[in-house]
Structures are given as C-alpha cells and as structure tokens.
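Participant: Protein chains in written order, with our numbering: chain A, 1 to 501; chain B, 502 to 999.
Glycine included, each C-beta is placed from N, C-alpha and C at the ideal position.
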Amino acid sequence: MALPTYEEVIAKWDPVLGLEVHVELNTHSKMFCSCATEFGAEPNTQTCPVCLALPGALPVVNEKAIESTILIGLALNCKIAPYSRFARKNYFYPDMPKNFQISQYDEPICFDGFVDVEIETEEGTKQFRIEIERVHMEEDTGKSLHVGGATGRIHGADYSLLDYNRAGIPLVEIVTKIVPGTGKYAPEVAKSYVAELRDILRGLKVSDVKMEQGSLRCDANVSLKPIGSDVLGTRSETKNVNSLRSVERAIRGEMIRHAELLNDGKKVKQETRHFQEDTGLTRSGRSKEQAEDYRYFPDPDLVPVTPAAAWIEELRATLPERPSLRRKRIKEEWNVPDKEMEAMINADVLDIVEETVLLGADPTKARTWWLGEISRIANDKNVGVADLAITPADVAELVALVAAGELTDKLARQVVEGVIAGEGKPSEVVAKRGIKVVNDDGALMAAIEKVCAEQAETAEKVRGGHLPAAGALIGAVMKETKGQADAARVRELLLGHLGVS
Amino acid sequence: MIRKSAVEMAGALAKGETTSVELTQAHLDRITAVDGQVKAFLHVDAEGALAQAKSVDARRKSGEKLSPLAGIPLALKDVLAQKGVPTTAGSKILEGWRPPYDSTVVSKLKDAGVVIMGKTNMDEFAMGSSTENSGYGPTFNPWDLTRTPGGSSGGSAAAVSSFEAPLAIGSDTGGSIRQPAALTGIVGVRPTYGAVSRFGLIAYSSSLDQAGPFGRTVLDTALLHEVMAGHDPKDATSINAPVPAVVAGAKSGDVKGMKIGVIKQLQGEGYQKGVQARFDESLQVLASLGAEIVEVDCPSFEYALAAYYLIAPSECSSNLARFDAMRYGLRTGDVNGASAEAVMSATRDAGFGREVKRRIILGTYALSSGYYDAYYGSAQKIRTLIIQDYAKAFTKADVLVSPTAPTTAYKIGEKVDDPMAMYLGDVATIPVNLAGICGMSLPAGLAEEDNLPVGFQIMAPAMQDHRLYQAGAALEAALLSKWGAPILDKAPALGGSK
Chain A
1 MALPTYEEVI AKWDPVLGLE VHVELNTHSK MFCSCATEFG AEPNTQTCPV
51 CLALPGALPV VNEKAIESTI LIGLALNCKI APYSRFARKN YFYPDMPKNF
101 QISQYDEPIC FDGFVDVEIE TEEGTKQFRI EIERVHMEED TGKSLHVGGA
151 TGRIHGADYS LLDYNRAGIP LVEIVTKIVP GTGKYAPEVA KSYVAELRDI
201 LRGLKVSDVK MEQGSLRCDA NVSLKPIGSD VLGTRSETKN VNSLRSVERA
251 IRGEMIRHAE LLNDGKKVKQ ETRHFQEDTG LTRSGRSKEQ AEDYRYFPDP
301 DLVPVTPAAA WIEELRATLP ERPSLRRKRI KEEWNVPDKE MEAMINADVL
351 DIVEETVLLG ADPTKARTWW LGEISRIAND KNVGVADLAI TPADVAELVA
401 LVAAGELTDK LARQVVEGVI AGEGKPSEVV AKRGIKVVND DGALMAAIEK
451 VCAEQAETAE KVRGGHLPAA GALIGAVMKE TKGQADAARV RELLLGHLGV
501 S
Chain B
502 MIRKSAVEMA GALAKGETTS VELTQAHLDR ITAVDGQVKA FLHVDAEGAL
552 AQAKSVDARR KSGEKLSPLA GIPLALKDVL AQKGVPTTAG SKILEGWRPP
602 YDSTVVSKLK DAGVVIMGKT NMDEFAMGSS TENSGYGPTF NPWDLTRTPG
652 GSSGGSAAAV SSFEAPLAIG SDTGGSIRQP AALTGIVGVR PTYGAVSRFG
702 LIAYSSSLDQ AGPFGRTVLD TALLHEVMAG HDPKDATSIN APVPAVVAGA
752 KSGDVKGMKI GVIKQLQGEG YQKGVQARFD ESLQVLASLG AEIVEVDCPS
802 FEYALAAYYL IAPSECSSNL ARFDAMRYGL RTGDVNGASA EAVMSATRDA
852 GFGREVKRRI ILGTYALSSG YYDAYYGSAQ KIRTLIIQDY AKAFTKADVL
902 VSPTAPTTAY KIGEKVDDPM AMYLGDVATI PVNLAGICGM SLPAGLAEED
952 NLPVGFQIMA PAMQDHRLYQ AGAALEAALL SKWGAPILDK APALGGSK
C-alpha cells in the first residue's frame, strides 16, 4: 500500500503534538563547575575534576544559569517555584561522566506557562496557544564520536572518542503540555512555536539559539487519533531535528508514517526516532516500550533552589518586549509594508534600525539605508551589518545631513563607504573627502548652459513643453557637477533657463 | 616522643627540642616496626611527608608564625583525595589512581603545615564497620591482633592507637569515626554535617558523609577539628558560619550545671555487660563533676537502622555509578572489541567487593519506580522523625550520651557472613548521621570481661560541636585521674618497642 498523502491523513486523523526544546545557555561557565563553555574548543580542554566526575568532586550551582532560567520562565508566562530541587537521573552512558545527569524531576523551577503563536493560512491569520508544562534546568552530556561502521552510530563502530567539553554545559528544557486541535496546521504550528521560542530566547540574550550548532534542539512528539476521538494515540518522539524547516518536515513525515500504520490496522510503536535531514524521514532509535527506570531522587550534593520573590520581580522588570508583539508594534508605528517587514526580519536588522530611529532618524530612511546600501556592502564582504564599522548613530547623522540638504543621496552613499572604511563619523568623512552639495547657482548655470548647448535638440523639446525630456538634461547636469548638486535646484534653474517654469 | 600527645609534640617543636623531620621520621620508623602487624596504612608517603616536615622546619626556623599543629604527622583515611598520592577508598576499582587535585581537607592540612604520612585502610568506599571489607585486606586492632579495629575508618583509628600517628582523619557516614575510636581506645569526632567540606571526599552517601578528626586526647582532637573545618564554596552543602569554638570547649572542660541526657533507647538490652557498666560509671563521674543527668526518650530511633540502610545504599548506588572504567581506575574485559557496556559491567564486577555490590543492588532496588515511596520515601520520613526526636531531647539536655557501640571489638571474621549482626553495631551512632548533628566517642575504660576499650558517645546539636569537647574534656580528665595513666598504656606491646 502506498503512503497516504497529507490530505488523506488529515481527512481521517487528528494530530496531537508535544514539543521538548533543549536550550544551551550562553553562560561563561558550566552548570556545576567553573569550566569554560566556548563552542568548538579542542576536545577535553574545557574540563575539570567536577565535570569529569573524578572521585570526590562536587557540583556547585551556577547562579547565572538559575537567573537565565527564571528569565525564560517569566518570558514564557510561567510561575516560578519558590522552592525547587535538582534530581539525579540515573543511567549509564560513556559520554555522561557521573553516569547520572543532574536534572530536575518533580520539582521544576518554572511551570504552567504559555506561548501564543500565529500562522498565516488561506483563511487568514490564526492564533494558537501552546501551553508550557515546565521549564527546568539540567546539564548537557559529553559528545561521543563513533569511528568506523557505516552509520556513525555506536552499533558497528570500531571505537568511540569522547569529548567532555560539552559535559556540564547548562541546558534548559522547555516542555509543552500536549498540544491538541492544530489539525492540518500541526507542522506549521510546531515550526512557528520553535521560531517564537528562538526569538524570545534571543531577545533575552540567554542563549546563542543556533540550531545548527545544537544550542537549540527540538524533540517532537507526535501521535494521531481518529478525528472526534478523545483517546490519545501512541506517540513517537523524534530527535535530531536541527532546523525550523526540519521541525515542520519531521512532524509532517511522522503524521504520514503513523497514518500508514494505523490505516493498515498496525500499531504505532512508542519509541525514539531520529530525523534524517537528507530524506526527511525518521528512523527507529531505541525502543521505549520498556520505559527506562531512571531512579530519580533529589541530588543530595545540592541544596534546594529558593529564589527570593523580590529577585524574581526584579528579573521580571528587565524582560524585553516580546519579539512578536514588538514586530507588530514596529510594523504599525513605522507603517512598514509586509514585504519590507519580512526583509528586515530576514536580514536581522530590526534592532539596528530601531536604534537608528530612536536616535531621531526617519523610519523609512533608516530602514532603506540598513536594508539597502549597507546590507549590500555587508553581503559583498560576507559579514553581517552589525559587523561593519557603521553604527546607528552614524546612519542617523547621515539621514539628518541629507534632510538638511547638505548631502544628496548619491553623496551620502560615498559617505557610507567612507564610514565603513574607517574614515570616521559621517561629518568627518564629509570634511576629509571634501564632499559638498554644489549650491552655487553660478556654477550650476554654467553647467546647465553647457548641457543645453550639447543637447540642443532635447533642450528644444523641453522648451516646447515636453517636460519629461528634462530628466535627461538634469541627469547630465548632475554628472557634470559630479553629483554634488541638489537635483531639485538643478531642475528649478534648468526649467527657468528654458523658460518653462 | 611518639607516645606523647600532639599538643606536647607541638610544644617540643615550638621550643626547638625536636624538629618536624625528627618527629616524622620517628613515626615512620614506628610504622615500619609495627604496621606489618596492624596494617593500618595502604600507602606510606615517607618521601612526601619528610619533604613537608622539612619545609615546616624551615618556615619555623625563619621565624614564621605557624599554626598550632604545624609539623605534626598525621594519617589520612584513603577516602580523601590527595594530589599525586594513590587514593583508592579501599577499593580495587581505584587501584593506582592518583588524584590530580587536593580535597579541601587536604588543602587545609597542608596550609596548616600538618605532615601527611600516608593513606589508611578502610572498608571499601566506607561501607562496613570492621575494615574487613577493604579490597586490600583487613586492619588489625592494636589491643588484640585477632580482633577488628572497627570501621570503616579502622586504619586511621588503629594508626593512632598503635602510636603510628598522633592524629588521623576519618570519615563518618553511620559511625565510621566514633565506632573505631571506641574499639581502639581513642577519641574520634564526627562534626556537624556541613561543618567540614566534602569536596574531595570520595562519596559513599552524600547526605550522611562527614570527615572528622581522631586523636588520643580531647584537646588534640579539637585542634585537628579546628584545622579541617570551615566553609567551602566548592561544597554546596557546606555551612557558611564560623567554626564552633571547639578548642576553647576542650580547654574549659567544665560540666558544672550542664544537662546531660541519657537516651533511653540506646542502652540496656543488646549492650554488652562491660560496655553498659563503663557507661554507667562515666555517667556517675559526670554527675560528680556537677552535671545534671536526665533521661530522654527518642522513640523513632528504633527505625534509624532501617532508614539508614535504605538512604545510604540508595545514594551510593548513584554515587558509585561513575566507576565505569571510562576515565580512571580499573578497566577489565576490554578485549576483542567488547562494547563499552560490557567493559563497564566486567570492570564493576571485578572491581567492587561483595558488600559494595550488596549495597548498590539494595539502593538500586529502593530507588526503582514503584518502590521509591515505600523505601526511599519512607526512610526520609523516618529521618524527619529522628530530627524531631533530637530537637525535643535537646530542649531537655545540652548534650545527649550513650555507649558508642553495643560491644567491644569483635574477632576478625566473626560477623563477615552475617551483615545484620554487623549492621547492628552501628545502632547507637547512626541517628547522629541521619539528623546531621555532631557526635564524639572517647574512652570510658575497659570492659571487665575482655579488657577491651569501651567508647562513651556524646552528641550535641548542629554547630554546637564545642559542647562535645567541653563535656568530653571533663570526663577525660576525671577518668585519667581515676586511672592514673592514659588508657592506651594498658594496651599490649606490639612487635616493635613500646
């Protein structure tokens, strides 16, 4: 039997989602020791007795990680527990030095929150509320590299290499309650949820949120039930979903795979599956039929986490504006067309444009500079706009100079080049390069007369009332004055000269 | 010189009558002479000790102001990590491991100029009460070499009572300092939980473990207590408060008006006749010094042993998971492309002894889903009840007392096949650990029937450790004048000269 199409799946089945997102915090030190956390360091250079689990070593909680986790909880509308504990999750695996992971079990630090996400559909914008079950802290494991064998998996490998640099990096796990009622939009809702989380976390500056580096990882739980049924189906848990697009593909793929099994009267196995980036399919991982017994118990080496209510309120007061609401506000306030808004988000220039506007620049002008000329230069250099030596203050100054008539747009582009080349602030570049709008009517008139003589035929047309032809003459005058003239003044003088003002 | 107290030795050092090198060498010679019989040490670091002694002598010579115990030799239980020195916790699974770091206790000893002579034998991972569970063979009681010195810190206790070291460090999870102190006729203190850093103490049961001092006198023990205690940011359970005035307590030795509570549940039936007699005699001595003796009731103590044997194994089942052949210690079975899992399993099978395996299995079971509430959960509730019993008792008394152990030292091999009988030996010491408070054992004399030492246990509330020393010093002084000589003078001579 052929795979059912997505349309056939959703005609019969109702998907239920559950999403677990792991976020690596960007703290300078690890969760329970003072080792550095930099990504990509030489293997096993960022380790110590604690994160290598040498006999006698003890963990001590990183306060900054607790602060970051509380911020995340608050941003996700969670309640913050006045008392929570760390627990040990016991299982043996070579990349886990202690053979238990310090995590939180029945006493998470944040619980009962929600995130609203919007998706665009053919029926208009639809909003879904994703309820958050819990946000808790834990430590990452080390990394295993299985050498030899076909699949890069431990099975069939000749030997394995272990890198404990990642062992003990603070992780925050964000777990949703089951998400029902998304119907055919399930894959898109999941993707939007992860995107929204990513934006929120980026806004909080608590994580690098780079899915490709694994600092944001998503496990997607999917089950199907017959439409109208209250009974949940058996779920599969897909791991290794490393991009937003993959979230969508993995869920769609799992829905189809489940439906095929169920249509056939077969059962879905409760298991962990691994997403295959190349095929978009999942393959079976370890079976969860016999649920592993992790023998959780409160970690006796650590004391309970008891954040003071006043501290929580202090943190709440520092929360940035919710990214999606901010985007909505900015779009309205600056009157930005959809396409432009999208372009700003994709180019990641929203922050920098807003800063420029806050420094007094006109929003449209500010946006045009950052998205246009400056982005073009950044692309050429293969860097981000933020990496260029031009600041929002420079752009604000530039916009002001143009508005005051001291620079033309064309001259301003030269100034941008100068600023990026490190020649100083816009006013300094103007001074150094001797860039100046030609305001001397005498000099302009000389140029106009010259151009009209050279292009006598065109000048005649204008004289005869055919105004569009003036454009060519104005262009030529601008060229003659090397762009330093104010085009409006040139037009005025030219038309006067030809007697058609 | 080696038969003197640490205080007397320190005096001789200060006066220039001897040097730390001489003193250390004298003890190393004693170790050479008698440790073949006692087997207190797993590793003697003669070179390191003499180097340390030499450095202290040089500092003293240059006029530097040194800590009171500077230059005094000490024996360290092999459960504490010492940089570069073999550290095994009495287990074959750690044979040959040399830590790349110092435990906080070792750092403090080094800072104070205390000379660490070597690592002492112990029950594997501190699991046991006789030192017979060591992966390296038992330690023998200097009072009678056919008997155990108690445990798990049996090596440290035997070293002090055989004059191989004037001071030693042990650890006490269920009585592992107090019980061997009792069985070898010396002083041993388990400080308040959190008073001494656990950083670098190889964990058996994290919520119960605590390192503490051994000495032949109460004052010696107090001086060592003061050196090793104090807040440590590397241990999250370390108490951030000043060290109780234990030395002042030991020097005052005044019990006039002190209320001393006798715990009803920790005497009488099950206690050896001579043990009970010495205990009663000590009570009378304390009363004669002006203390008020009251009886207190601690009904939950009946369940202490059961709670302990759920909590400690549960924690150890997780604490000992790290011994997996991956990063350090023993590795066996790594042949013919064996999987990591198979190597872990083979190594743990070969490296752990029977008692350790028994407790890992017990703890794994107690934490299992479906059993957690019935076992671990209930044990924690009992723990709370015991804390409440103590709290109530301490409203009626300043310190509480009991015999330290129900019997004197028993024969090697006598209880190895009967774990329950062995476990019962800790019935009087375990409640202190469960409540996280402090306790001391000091010699109360010899039992008439076997001429072996009897321990008298004193217990005080958390961070009131100075009360132990105050009451202990009073009893010690009174008993000494009664006996006319220190109790260890009655111990038989060992192979070497006495």
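#1: Quick test of the definition: if touching needs 3 or more C-beta pairs under 8 Å, does the region 675-689 of chain B touch the region 900-911 of chain B?
#2: Check the C-beta distance from Ala-190(A) over to Leu-401(A) and give it rounded, since I have them as a contact under 8 Å.
#3: I want to see whether chain A comes within less than 8 Å of Pro-587(B), judged by CB atoms only; does it?
#4: Specify, as a first and last residue, the run of the alpha helix (DSSP H) that Gln-965(B) falls within.
#5: Please give the ranges of any beta strand (DSSP E) in the region 212-274 of chain A, keeping only runs that are unbroken, at least 3 residues long and fully inside the region.
#6: From this set, Asp-163(A), Arg-88(A), Met-96(A) and Arg-129(A), which residue's C-alpha is nearest Arg-137(A)'s C-alpha?
#7: Give a yes or no on whether 8 Å exceeds the smallest Cβ distance from Asn-90(A) to chain B.
#8: Using a Cβ-Cβ cutoff of 8 Å, what residues of the region 726-753 of chain B are near chain A? List them in chain order.
#9: Can you give the Cα-Cα distance for Thr-674(B) and Ala-730(B), rounded to whole angstroms?
#10: Return no unless some Cβ of chain A is closer than 8 Å to the Cβ of Ala-963(B).
#11: Opposite Phe-92(A) in the DSSP bridges: which residues?
#12: Does the region 523-541 of chain B come into contact with the region 743-758 of chain B, if we say contact requires no fewer than three beta-carbon pairs (one atom in each stretch) closer than 8 Å?
#13: Count the other CB atoms within 10 Å of the CB of Trp-311(A); is the residue buried (16 or more) or exposed (fewer)?
#14: Since Val-385(A) meets chain B, which of its residues come closer than 9 Å, beta carbon to beta carbon?
#15: For a contact defined as C-beta to C-beta under 8 Å, what are the partners of Val-349(A) on chain B?
#16: Any beta carbon of chain A sitting closer than 8 Å to that of Ile-861(B)?
#17: Between Phe-297(A) and chain B, is the shortest Cβ-Cβ distance under 8 Å, so that the two count as touching?
#18: Hey, would you say the C-beta of Met-964(B) is under 7 Å away from at least one heavy atom of the ligand SAH?
#19: Might you give, ordered along the chain, the residues of its own chain that have their beta carbon closer than 7 Å to the beta carbon of Val-9(A), omitting 5 neighbours on each side?
#20: At a Cβ cut of 9 Å, what residues of the region 35-66 of chain A count as close to chain E, listed as they run along the chain?
#21: Identify, in the order they occur along the chain, each residue of the same chain with its Cβ nearer than 8 Å to the Cβ of Glu-782(B), setting aside the five sequence neighbours on each side.
#22: Ignore the nearest five residues each way along the sequence and tell me which others in Tyr-83(A)'s own chain have a CB closer than 8 Å to its CB.
#23: When you compare only the Cα positions, how much space is there between Asp-486(A) and Lys-331(A)?
#24: Any Cβ of chain B within less than 8 Å of the Cβ of Pro-94(A)?
#25: Classify Leu-514(B) as helix, strand or coil using the three-state DSSP reduction.
#26: Does DSSP put Lys-999(B) in a helix, in a strand, or in coil?
#27: Along the chain, where does the alpha helix (DSSP H) containing Asp-536(B) start, and where does it finish?
#28: Please check if any C-beta of chain A sits within less than 8 Å of the C-beta of Asp-673(B).
#29: So which residues on chain A does Gly-701(B) lean against when the C-beta distance must stay under 7 Å?
#30: Between Trp-984(B) and the rest of its own chain, which residues show a CB-CB distance below 6 Å, the 5 nearest in sequence each way excluded?
#31: Should Glu-38(A) go down as buried or exposed, given a rule of 16 or more other Cβ atoms within 10 Å for buried?
#32: Chain B partners of Phe-100(A), CB-CB under 8 Å?
#33: For the alpha helix (DSSP H) containing Met-753(B), list its first residue and its last residue.
#34: Determine whether the beta carbon atoms of Phe-542(B) and Gly-619(B) lie at a separation below 8 Å.
#35: Would you call Ser-998(B) buried or exposed, if buried means 16 or more other Cβ atoms sit within 10 Å of its Cβ?
#36: Among the residues of its own chain, which have a CB less than 8 Å from the CB of Lys-505(B), if the five just before and after it don't count?
Facilitator: A quick look at the data gives this:
#1: Between the region 675-689 of chain B and the region 900-911 of chain B, the count of C-beta pairs closer than 8 Å reaches three or more; the two stretches touch.
#2: Between Leu-401(A) and Ala-190(A) the Cβ distance is about 48 Å, and since that is not below 8 Å, they are no contact.
#3: Taking 8 Å as the CB threshold, Pro-587(B) stays off the interface with chain A.
#4: No alpha helix (DSSP H) contains Gln-965(B), which DSSP labels as neither H nor E.
#5: List check, beta strand (DSSP E) in window: 216-226 and 236-241.
#6: With the sequence shown as reference, residue 137(A) is identified as Met, and Arg is not the correct amino acid for it. Considering only alpha carbons, the answer is Arg-88(A).
#7: Cβ-Cβ to chain B under 8 Å: yes for Asn-90(A).
#8: Answer in chain order: Pro-734, Lys-735, Asp-736, Ala-737 and Thr-738.
#9: The straight-line gap from Cα to Cα measures roughly 17 Å.
#10: No - not a single Cβ of chain A is within 8 Å of the one on Ala-963(B).
#11: For Phe-92(A), which the question treats as bridged, DSSP gives no partner whatsoever.
#12: As far as the Cβ criterion goes, the region 523-541 of chain B does not touch the region 743-758 of chain B, which means the pair count is below three.
#13: Exposed, by the Cβ-count rule.
#14: The contacting residues do not exist; Val-385(A) stays about 43 Å from chain B at best.
#15: None at all; the shortest Cβ gap to chain B is about 44 Å.
#16: Interface with chain A (8 Å Cβ-Cβ cutoff): Ile-861(B) is excluded.
#17: Closer than 8 Å to some Cβ of chain B, the Cβ of Phe-297(A) qualifies, so yes.
#18: What this structure holds is no ligand at all, so the ligand SAH is not there to describe.
#19: Excluding positions up to five away in sequence, the list reads Met-255, Ile-256 and Ala-259.
#20: No chain E appears in this structure, whose protein chains are A and B.
#21: Cβ contact annotation for Glu-782(B) (same chain, cutoff 8 Å, sequence separation greater than five): Ala-945 and Gly-946, in chain order.
#22: Within the same chain, Glu-107, Pro-304, Val-305 and Thr-306 come within 8 Å of Tyr-83(A) by CB-CB distance, once the 5 residues on both sides are set aside.
#23: If you take the alpha carbons of Asp-486(A) and Lys-331(A), they lie about 32 Å apart.
#24: Pro-94(A) counts as touching chain B.
#25: Judged by DSSP in its simplified three-state form, Leu-514(B) adopts helix.
#26: Here the model assigns Lys-999(B) a pLDDT of 41, short of 50, so the residue's position is not dependable, and the following value carries that caveat. Residue state, collapsed to three classes: coil.
#27: For Asp-536(B), the enclosing alpha helix (DSSP H) starts and ends at 521-539.
#28: Not one beta carbon of chain A lies nearer than 8 Å to the beta carbon of Asp-673(B).
#29: Simply Gly-56.
#30: Nothing listed; no residue qualifies.
#31: By the 16-neighbour rule on beta-carbons within 10 angstroms, Glu-38(A) is exposed.
#32: The contacting residues are Ser-819 and Ala-822.
#33: According to the sequence as given, residue 753(B) is Ser; it is not Met. That run of the alpha helix (DSSP H) goes 747-753.
#34: For the 8 Å CB-CB criterion, Phe-542(B) and Gly-619(B) form a contact.
#35: Legend: pLDDT at Ser-998(B) = 46, less than 50; position of this residue unreliable, value from coordinates given subsequently. Ser-998(B) comes out exposed.
#36: The beta carbon of Lys-505(B) lies closer than 8 Å to those of Ala-513 and Pro-667 in the same chain, with the five residues before and after it left out.
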